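So for the sequence shown, this note's numbering puts the first residue at 26; every next one is plus one. Where a beta carbon is used, it is the ideal one built from N, C-alpha and C, also for glycine. Just so it is clear, the structure is predicted and the values come from calculations on it, not from any experiment. Below: one structure, written as structure tokens.
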Amino acid sequence: TEVGYVGRDVESIIRDLAEAAIKMHREDQVRLLRPRAIDAAEERILDALLTPARGNDGEDNKDSSTRQLFRKKLREGALDDKEITIDLQAPSVGMEILAPPGMEEMTSQLQSMFSSMAPGKKKTRTLKVKDALKQLTEEEAAKLINEDDLKTRAIEAVEQTGIVFIDELDKITKRADSSGGADVSREG
Numbered sequence: 026t027e028v029g030y031v032g033r034d035v036e037s038i039i040r041d042l043a044e045a046a047i048k049m050h051r052e053d054q055v056r057l058l059r060p061r062a063i064d065a066a067e068e069r070i071l072d073a074l075l076t077p078a079r080g081n082d083g084e085d086n087k088d089s090s091t092r093q094l095f096r097k098k099l100r101e102g103a104l105d106d107k108e109i110t111i112d113l114q115a116p117s118v119g120m121e122i123l124a125p126p127g128m129e130e131m132t133s134q135l136q137s138m139f140s141s142m143a144p145g146k147k148k149t150r151t152l153k154v155k156d157a158l159k160q161l162t163e164e165e166a167a168k169l170i171n172e173d174d175l176k177t178r179a180i181e182a183v184e185q186t187g188i189v190f191i192d193e194l195d196k197i198t199k200r201a202d203s204s205g206g207a208d209v210s211r212e213g
């Protein structure tokens with residue numbers, strides 16, 4: 026895509042490249058952390074299925090064997106159609122703010138400000154176990170990802186392996202026979 030050749034446009038190319046790298050690194054992290062996220066999601070589902078009865082403090086072994094039995098049924102898919110009530114992170118409102126060229130920094134600051142206004146809200150929902158497992162796995166994977174480390178590694182990857190092609194560099198360099206006009210897009 027032809028974005029342009031002026032300073033701010035080059036910054037937006039680099040920003041787009043960095044955002045793509047962050048997305049790729051996040052997907053890699055989710056793939057690596059998926060087994061741990063599934064285990065944590067299973068634990069939350071088992072907690073919802075096996076609410077401990079009051080006064081049964083001494084029956085930890087029974088609870089443990091019961092928990093293992095339910096874990097086996099969960100992994101086999103025998104509980105997929107059972108409905109449970111769980112607390113899920115309220116979905117963050119993804120707000121896309123469009124800005125004129127040169128104002129990208131302001132829009133990124135506004136987006137981060139709006140996203141931090143309502144963090145950590147929980148919503149209680151009743152779902153089938155199969156659907157709850159998917160949503161809880163995504164939520165647990167997001168909790169396990171270190172965002173600062175992710176961004177640092179993505180930026181390093183962009184710095185080391187990101188490539189931006191500059192076409193027609195000769196148009197932005199000053200020629201000896203040039204009239205000195207600012208409109209370089211008219212030159213052939």
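{"query": "Gln114 - partner residues in DSSP beta bridges", "result": "Lys147"}
{"query": "Alpha-carbon spacing of Leu169 relative to Pro60, whole angstroms", "result": "11 Å"}
{"query": "Buried versus exposed call for Glu181 [16 or more other C-beta atoms within 10 Å across all chains shown]", "result": "exposed"}
{"query": "Opening and closing residue of the alpha helix (DSSP H) in which Asp156 lies", "result": "Val154 to Leu169"}
{"query": "Outcome for Glu67 when other beta-carbon atoms lying within 10 angstroms are tallied against a minimum of 16", "result": "buried"}
{"query": "Among Arg56, Gln114 and Asp53, the one whose alpha carbon lies nearest that of Lys146", "result": "Gln114"}
{"query": "Contact belief for Ile109 with Val154 at Cβ below 8 Å, rounded distance in angstroms", "result": "6 Å"}
{"query": "Paired residues, beta bridge with Ile109 - DSSP", "result": "Leu152"}
{"query": "Rounded straight-line distance, which links the Cα of Asn171 to that of Asp106", "result": "34 Å"}
{"query": "Whole-angstrom distance between Leu57 and Gln93, CA atom to CA atom", "result": "25 Å"}
{"query": "Rounded C-alpha distance that separates Arg178 from Ile63", "result": "25 Å"}
{"query": "Given Leu74 as reference, the closest of Ser37, Gly187 and Leu158 once Cα atoms are compared", "result": "Leu158"}
{"query": "Residue environment, Glu184, which counts as buried when at least 16 other CB atoms sit within 10 Å", "result": "exposed"}
{"query": "Alpha-carbon to alpha-carbon, Arg96 and Asp41", "result": "43 Å"}
{"query": "Cut-off 8 Å between Cβ atoms - residues of its own chain near Thr91, not counting five sequence neighbours on either side", "result": "Leu75"}
{"query": "Sequence-distant residues of its chain with Cβ nearer than 8 Å to Gln71 (five each side left out)", "result": "Note that residue 71 is Leu in the sequence shown, not Gln. For Leu71, where only same-chain residues beyond five positions count, the Cβ hits under 8 Å are Arg92, Phe95, Arg96 and Leu99."}
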